[in-house]
Amino acid sequence: MLCRVENRFLPRTAAFFDLDKTVIAKSSTLTFSKSFYHGGLINRRAVLRTAYTQFVFLAGGADHDQMERMREYLSALCKGWNVQQVKELVAETLHELIDPIIYDEAATLIEEHHTAGRDVVIVSTSGAEVVEPIGELLGADRVVATRMVVGDDGCYTGEVEYYAYGPTKAEAIKALAESEGYDLARCYAYSDSATDVPMLESVGHPHAVNPDRALRREATLREWPILAFDRPVRLKQRLSAFSLPPRPALMAAAAVSAAALTAGAVWYAARRRAGTASA
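Residues in the sequence shown are numbered from 424 upward in steps of one, following the working numbering.
This is the structure:
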């Protein structure tokens, strides 16, 4: 069990959760492939390819090169999709597809962190249109997620505006810590992938959850706690135990604002470093 509610005179703290294979048992983006197929966004061949990608992801995780190939494939796949249609398809099938694959252990941790007075932040490489509704479902306070460029016609251009991956996740956490007043030395982080080592090492209490081989090795060397989550459960089956956070649950508009502010801070810092290097 986590500690009691933190002293209100101490700096604020947060718990940062990766999403895929940490909070839910599958890839959040790939899970919606059948919904996108029935909505006419992808063809049967794309459904089969995403199913295979999901299998590879679940069997052994994804290293940097595999993640890059996945990003390139999904970016090209969603080019021309209408953003509003994507949001509607996700909303229509969210409970059907995501609710059954939420880890009971993760839901319990989220509840315990809220009870202890900590914010809960989902930090995911998946797209914002998918991650934000899942964050709301979980009662998260903020979301950091990948965002695609949207054209004047309301459709994705196929370009990535902000990629929440690897070191960028750590930069986003640090930006949030500055804006929200989090004491990172007293914050928590959870992930299954070695690509999230920068995120994990940026807080005082890192945890490896269902880690891939590389992260397990790293966690063992650094003596980080290793957690095993293996009980997916529908939230409505544990409503008596799963309570909402002591602050308003995440709303879509707030999630978009928080993600935009975080991405903006990271983008500005990157541009400032680039300018200094070229000067």
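Where a beta carbon is used, it is the ideal one built from N, C-alpha and C, also for glycine.
- For MET571, the closest C-alpha among the options ARG657, THR531, SER498 and ILE596 is that of SER498.
- DSSP links ARG435 through a beta bridge to TYR605.
- A direct Cα-Cα distance of roughly 38 Å separates ARG467 from ARG640.
- Under the DSSP definition of a beta bridge, HIS630 partners with TYR613.
- Contact check for ILE596 and SER625: beta-carbon distance about 5 Å, within the 8 Å limit, so the pair qualifies.
- DSSP, reduced to helix, strand and coil, places GLU584 within a strand of the structure shown.
- The alpha carbon of LEU517 has as its nearest neighbour, out of PRO634, SER456, HIS536 and THR580, the alpha carbon of SER456.
- Looking from the CA of PRO621, the closest CA among ASP564, ASN633, ALA563 and ALA587 belongs to ALA587.
- Taking a contact as a CB-CB distance under 8 Å, the pair THR569 and GLY550 counts as one, their CB atoms being some 5 Å apart.
- In the DSSP assignment, GLY558 falls within the alpha helix (DSSP H) that extends over 551-561.
- Under the three-state reduction of DSSP, PHE440 is assigned to strand.
- Counting only residues of its own chain and dropping the five nearest sequence neighbours on each side, ALA617 has a CB closer than 7 Å to the CB of ASP635, ALA637, LEU638 and GLU641.
- By DSSP's assignment, CYS578 forms a beta bridge with ASN505.
- Rounded to whole angstroms, the separation of the alpha carbons of ILE545 and ALA530 is 12 Å.
- The alpha-carbon separation between LYS449 and CYS610 amounts to approximately 25 Å.
- Bounds of the beta strand (DSSP E) holding THR569 are 565-573.
- Each of GLU646, VAL446 and LEU644 was checked against the Cα of LEU532, and the nearest Cα belongs to VAL446.
- Its chain contains VAL626 and GLY627 as the residues whose beta carbon lies nearer than 8 Å to that of ALA608, once the 5 sequence neighbours on both sides are disregarded; these appear in chain order.
- When rounded, the separation of the alpha-carbon atoms in VAL509 and VAL583 is 16 Å.
- With respect to the C-alpha of GLY540, the residue from GLY503, ARG654 and ARG435 having the closest C-alpha is ARG435.
- In this structure, DSSP gives ILE447 an extended state, which the three-state scheme calls strand.
- Shown here for VAL656: same chain residues with a beta carbon closer than 6 Å to its own, the five before and five after excluded, namely ASP527 in chain order.
- Annotated as proximal: VAL554 and VAL566, with beta-carbon spacing under 8 Å.
- The continuous alpha helix (DSSP H) containing GLU528 extends over residues 527-538.
- Per DSSP, the unbroken alpha helix (DSSP H) holding SER456 starts and ends at 456-461.
- LEU650 is bridged by DSSP to VAL632.
- Setting aside the 5 residues that flank it on each side, SER458 is surrounded in the same chain by LEU512, VAL513, GLU515, THR516 and LEU520, each with a C-beta closer than 8 Å to its C-beta; the list follows chain order.
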